[in-house]
Structure formats: structure tokens, C-alpha cells
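Step one of this worksheet: look at the structure below.
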Amino acid sequence: MGNSSLKDICNSNDDCQNDGVCLDKDGKNFCECNPGTEGDHCEIVVDCVTGRYRNCTGERGTCMFDQITRTAVCICPEKKALYHKEYVCKDCYCGEGERSCDFRNGKKVCLCGVGYDENNGFCEMCDCGSSIQCKFINGQKKCECHRGFANYNGFCKRQCDDDSDCQNGGMCKMKGGNQFCKCNAGVTGDRCETIVDCLTGKYKFCSYSGGRCFYDHQRNESACECPKNKSFHYKSSMCKETCRNDSDCENGGLCKVVGGSKFCECKPQMTGDRCEIIYECRRLYSNCSGANGTCYYDHQKEKAVCVCSENRALHPYEGYCKECDCGVYGFCSFKGGDKFCSCSPLTSEKDGKCVECDCGSNGLCVFERGRKKCICSPPAVERDGKCVDCHCGKNSQSCRLDWFGQKMCNCHFGYVQIDGYCTEICNDDKCLHGECEIIGQRHKCKCYEGYTGSRCEKKKESESVLPVSAK
1 MGNSSLKDIC NSNDDCQNDG VCLDKDGKNF CECNPGTEGD HCEIVVDCVT
51 GRYRNCTGER GTCMFDQITR TAVCICPEKK ALYHKEYVCK DCYCGEGERS
101 CDFRNGKKVC LCGVGYDENN GFCEMCDCGS SIQCKFINGQ KKCECHRGFA
151 NYNGFCKRQC DDDSDCQNGG MCKMKGGNQF CKCNAGVTGD RCETIVDCLT
201 GKYKFCSYSG GRCFYDHQRN ESACECPKNK SFHYKSSMCK ETCRNDSDCE
251 NGGLCKVVGG SKFCECKPQM TGDRCEIIYE CRRLYSNCSG ANGTCYYDHQ
301 KEKAVCVCSE NRALHPYEGY CKECDCGVYG FCSFKGGDKF CSCSPLTSEK
351 DGKCVECDCG SNGLCVFERG RKKCICSPPA VERDGKCVDC HCGKNSQSCR
401 LDWFGQKMCN CHFGYVQIDG YCTEICNDDK CLHGECEIIG QRHKCKCYEG
451 YTGSRCEKKK ESESVLPVSA K
């Protein structure tokens, strides 16, 4: 328990280290520590500070409290183990084949993995054959062979009684007091049962392609016997159908002579006896086949393409032709996994189908919530489902049509609608000999001195003095 009693040491167990518990005593909270730990917050591990693991620091290890065993432990880094005599970590490495390295009674002990055994403090490869124990004794490899097996060049090999026990022309021979099968060149195995060329050599795909790989006793070598309709193709190590001319080869393949027979030589991305298999069709479009679609190689695009049947489109993520119908007026595809309709002119998408939708040449027709809407290009406006021209001239702010279809111009200041266009209220023709003043939507002429009339078009008559008549 901690020493402080003047104030709360903790509010919860999280405030106590090394699995300590926060308790309430006499109205004060304190950390109840596990045996071997102390301090107000149980932060001190006694064995790590003053006990046996006090030197377990730095390169010699890390000392900490193990909450499972509730004791102090010394954790060692890689390629080190705890040396119990000194309670510190020391170098302990048994090589790549080790499962673990430890110290027992002051000596290094190696636990080795499968196929390895300890030899002079390191795990060395030790192989006597399948399921047979291999050990090093006094530095020497020793194989503990099962009954019917004996040591043969460091491996346990099945013994033979006579030549009939040996396959593929092998012979039963005496060696080192035991009889073993002596195999012909290119043949291996306890009973000479494995023909190397058939497994990993030049005939490795013979059986896979329908042929029979065997050992020819007369020629003392391996051979591949292909079916009647095929010949062996040395470049691909398999039996392939022959061709007569280029027309026998698909997808641009050419009929060429290889090793005395004619075979189809395929272009990149193609395979098969007739070049009928397209790699990308199998890898990308494995489900693009049958009634739903067809995969083929486009030589112009230099890639495989999937062409879907009517009312279907290729789904980019699922890799097959999925139902996709936009109606007779649209082309259906998938974008980002979602259906997308590309509609022909004078149509637009509605409920997943392209239907007739015409707003005229001056607008775009769309459907919003199932209702037709015309998005008109200025200066056109919508009228009875069509975008019609509505232009009031460059001096207008906007143009609209009233219920009767009459043009209504919203003109800039100083302009008024006349004959469907915004016309300047005051111009050179309004007031011939005066200044034009704008009053609302009208104008008024302020005539110069000596002029009158609505347009200041009249010149005032000058006032003359009448002569006095004689009496």
C-alpha cells in the first residue's frame, strides 16, 4: 500500500499500475498493490529495483511485472535468453533452424525445427528421408531407419531383393552389405519409380495434355507418347493438336513448323492448341459466356472485350453480363456499379427507361420526380412544355411570357419595352431642342430657351412692338 494518506491517490483502477486495485479506506482512496510491488501507484517492482532482476536492463533485458504469474520477469530481446545464474539476458542463437534457444544449468540448449538437429550448439540440417528420425551423435549424422530400409549415402533407402523390385529398368545391386535399386540416368526414387523428365523436365506436361510419359527401355531414355490426334510440342513440353494452315488457328494465330510438325503459334494473351483460349477472358470475364454475352480479343484495342446480349451490360465489379434495360431509346451500362442510361436525342430517363421528352431545340428535357422539366438555354424560356425564344435585346435584364404567351421584358433603367424590345427612353429623337428627363417609364422634354412643344420641336415666335398709328 502507498504511504500517502493526506489526499486521494487514485480515482479508479486505471490510476494503479501493475494490476493494483483502487480501494476506499476511511474516506480516502489508495492503491492496494500486489505482493512484490509498492509505491503510491504500485509503480515500483521490487525485484526489478533491488531484487534478483535488478541488472535486467538495457541490452541485458527488460524487467516488468507479469500480471498473469503476478511476479517480476526479465524479458529478453531477439537472439537472447535468460541466463538464470545471473538473472540477465545473454546471447542465445541456434541458427535459422531453431525453434527456441534457452539456458539450462548454465549451458545453451537448442530446440530445433523439423529437418534440423542440434550439432555443436547450432541447429543444422539433418535429413534421412521422409518420416525418418535424423540425429547428430558426437558430430556425426545418424539415421534411424525403419525396417526394410538401410543407410544409403546418408539417407534411408528401401532395400530390394531382386531386379523385379526396381522399376524403369533399375537393377537390384549390393552396396555396403545391403541391396538397393540402382537406377538408370534420369530416373530416381527408392524403387526407381520417378522419371525426372516426366516430373520436372522436358516432358513435365505430357500427362497433363493427354499423353503418356514413360521410360523407353530400348533407347534408355524417357519419352512422351501423344494421342493419335496430337504431336509433342517441345517448346511447351506438351501434346498439342497439329494444324494444316493459318485458317486452323484462331485469334490471329499462325500455323508454323516446330520439330517436324505444324502447330498454331499464338499471339500474346492467347493459348490453346488452336489459340482458342484468351487469357483475359478467363481472368477478367470468366462469366461472360453463353446466352448472356461473348468474350473475344479486339486486335485493334489489343485487349479482351465482353459483348453482352440484348438488354444486358457488363457489370464492372461482378464481371458478368447483368440485366440492364433502358428501353428502345437508350443505351444501358453500369458506372461505379450502378445502372446508367445514355438516352438518345429528344428522350430522357424516367423510372429507369429512356422515354420521349422534347423541349425543342433551345432546351434540355429532363424528368424530376416523374414530371417533365425543361431546362432552357438563355434567352429561351419554357412555354407549354417547349423552350421558346424570349429575347428583349441587350438592354434587358430578363424576359418572360405571361399567361397569354405575350412577351414581358424587364428592362434596365432608362429603357422601356416597345414592340417587344427594350428601347432607350431618352434618345436623340425624343427632344430635338432640349434635354430628355426620365420620369418612371416615360420621358419629358425640357426645352431650351426659345423652343416649345412635346419634343421641343417648335420655335417660339418672337414678341414684336406694334407701331403707334397717327391721329
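Using full-length UniProt numbering, read the sequence shown as starting at 1 and increasing by one per residue.
C-beta atoms are modelled at their ideal positions from N, C-alpha and C, and glycine is treated no differently.
These figures come from a predicted structure and were not determined experimentally.
Delimiting residues of the beta strand (DSSP E) encompassing residue i
{"i": "Asp-221", "result": "Note that residue 221 corresponds to Glu in the displayed sequence, not to Asp. Note, Glu-221: beta strand (DSSP E), 221-225."}
{"i": "Arg-104", "result": "98-104"}
{"i": "Arg-371", "result": "371-376"}
{"i": "Leu-199", "result": "Here Leu-199 belongs to no beta strand (DSSP E); instead the alpha helix (DSSP H) covers 196-199."}
{"i": "Cys-92", "result": "Counting along the chain, Cys-92 falls outside any beta strand (DSSP E), and DSSP gives it neither H nor E."}
{"i": "residue 519", "result": "Residue 519 cannot be examined here, being either before or after the span of the chain that is shown, 1 to 471."}
{"i": "Phe-413", "result": "Element bounds for Phe-413: n/a, residue is neither H nor E."}
{"i": "Leu-111", "result": "107-112"}
{"i": "Glu-265", "result": "261-265"}
{"i": "Gly-293", "result": "293-298"}
{"i": "Glu-118", "result": "116-119"}
{"i": "Asp-429", "result": "No beta strand (DSSP E) holds Asp-429; DSSP gives it neither H nor E."}
{"i": "Ser-231", "result": "230-233"}
{"i": "Arg-212", "result": "212-216"}
{"i": "Glu-124", "result": "122-125"}
{"i": "Lys-303", "result": "303-308"}
{"i": "Lys-204", "result": "Per DSSP, Lys-204 belongs to no beta strand (DSSP E) and is neither H nor E."}
{"i": "Cys-192", "result": "Counting along the chain, Cys-192 falls outside any beta strand (DSSP E), and DSSP gives it neither H nor E."}
Local conformation of residue i per DSSP, three classes
{"i": "Glu-43", "result": "coil"}
{"i": "Ser-247", "result": "helix"}
{"i": "Glu-280", "result": "helix"}
{"i": "Ser-130", "result": "coil"}
{"i": "residue 477", "result": "The chain is shown from 1 up to 471; residue 477 falls before or after that span and cannot be answered."}
{"i": "Glu-437", "result": "strand"}
{"i": "Asp-15", "result": "helix"}
{"i": "Arg-54", "result": "coil"}
{"i": "Val-187", "result": "strand"}
{"i": "Gly-455", "result": "Correcting the residue type first, residue 455 is Arg in the shown sequence and not Gly. Three-state result, Arg-455: coil."}
{"i": "Gly-405", "result": "coil"}
{"i": "Val-49", "result": "helix"}
{"i": "Arg-60", "result": "helix"}
{"i": "Thr-242", "result": "coil"}
{"i": "Val-468", "result": "Unreliable positioning characterises Val-468 in this predicted model, as indicated by a pLDDT of 49, which lies under 50. A coordinate reading is not provided."}
{"i": "Met-1", "result": "Annotation note: pLDDT 45 at Met-1 (below 50); position unreliable, coordinate value reported separately. Coil, per DSSP."}
{"i": "His-443", "result": "strand"}
{"i": "Ala-380", "result": "coil"}
{"i": "Thr-69", "result": "coil"}
{"i": "Asp-153", "result": "At residue 153 the sequence reads Asn, which differs from the Asp that was named. Coil, per DSSP."}
{"i": "Asn-29", "result": "strand"}
{"i": "Arg-274", "result": "coil"}
{"i": "Arg-400", "result": "strand"}
{"i": "Cys-76", "result": "coil"}
{"i": "Phe-180", "result": "strand"}
{"i": "Arg-147", "result": "coil"}
{"i": "Glu-424", "result": "strand"}
{"i": "Tyr-208", "result": "coil"}
{"i": "Gln-159", "result": "coil"}
C-beta contact flag for residue i and residue j at 8 Å
{"i": "Gly-330", "j": "Thr-347", "result": "yes"}
{"i": "Cys-42", "j": "Cys-33", "result": "yes"}
{"i": "Gly-211", "j": "Cys-239", "result": "yes"}
{"i": "Cys-110", "j": "Cys-89", "result": "no"}
{"i": "Cys-354", "j": "Ser-344", "result": "yes"}
{"i": "Cys-373", "j": "Cys-390", "result": "Rather than Cys, the amino acid found at residue 373 in this sequence is Lys. No; because the gap between Cβ atoms is not below 8 Å, this pair is not in contact."}
{"i": "Gly-363", "j": "Cys-387", "result": "yes"}
{"i": "Cys-456", "j": "Cys-431", "result": "yes"}
{"i": "Val-46", "j": "Asn-18", "result": "no"}
{"i": "Lys-25", "j": "Asp-8", "result": "no"}
{"i": "Arg-400", "j": "Val-416", "result": "no"}
{"i": "Lys-262", "j": "Cys-243", "result": "yes"}
{"i": "Cys-409", "j": "Ser-396", "result": "yes"}
{"i": "Tyr-234", "j": "Val-257", "result": "no"}
{"i": "Tyr-451", "j": "Lys-459", "result": "yes"}
{"i": "Gln-159", "j": "Gly-177", "result": "no"}
{"i": "His-412", "j": "Cys-422", "result": "yes"}
Proximity test, residue i beta-carbon vs the ligand GDP heavy atom, cut-off 7 Å
{"i": "Asp-389", "result": "The model depicted lacks the ligand GDP and carries no ligand whatsoever."}
**Item:** Segment contact flag, the region 178-197 with the region 156-169, C-beta cutoff 8 Å, min 3 pairs
**Value:** Between the region 178-197 and the region 156-169, the count of Cβ pairs shorter than 8 Å is three or higher; the stretches touch.
**Asked** If we count Cβ pairs, one from each stretch, closer than 8 Å, do we get three or more for the region 251-271 versus the region 216-223?
**Response** Flag = no, the region 251-271 and the region 216-223 do not touch.
**Asked** Per the contact definition of three or more C-beta pairs closer than 8 Å, is the region 351-365 in contact with the region 333-342?
**Response** Contact between the region 333-342 and the region 351-365 is present, because at least three Cβ pairs lie under 8 Å.
**Stretch-stretch touch, CB-based, cutoff 8 Å, three pairs: the region 53-62 with the region 93-102** = Because the criterion of three Cβ pairs below 8 Å is not met, the region 53-62 and the region 93-102 do not touch.
**Asked** In the region 322-366, which residue ranges form an unbroken beta strand (DSSP E) of at least 3 residues, counting only runs that do not cross its ends?
**Response** Correct list: 330-335, 338-343, 347-350, 353-356.
**Prompt:** Are the region 77-84 and the region 116-130 touching, with three or more C-beta to C-beta distances below 8 Å?
**Reply:** Taking 8 Å as the limit for Cβ pairs, the verdict is that the region 116-130 does not touch the region 77-84.
**Asked** Between the region 280-292 and the region 248-258, do at least 3 Cβ pairs fall closer than 8 Å?
**Response** The region 280-292 makes no contact with the region 248-258, as fewer than three CB pairs between them are under 8 Å.
**Asked** Would you say the region 123-135 touches the region 151-162, given that touching needs at least three Cβ pairs under 8 Å?
**Response** Cβ pair count under 8 Å is three or more, so yes.
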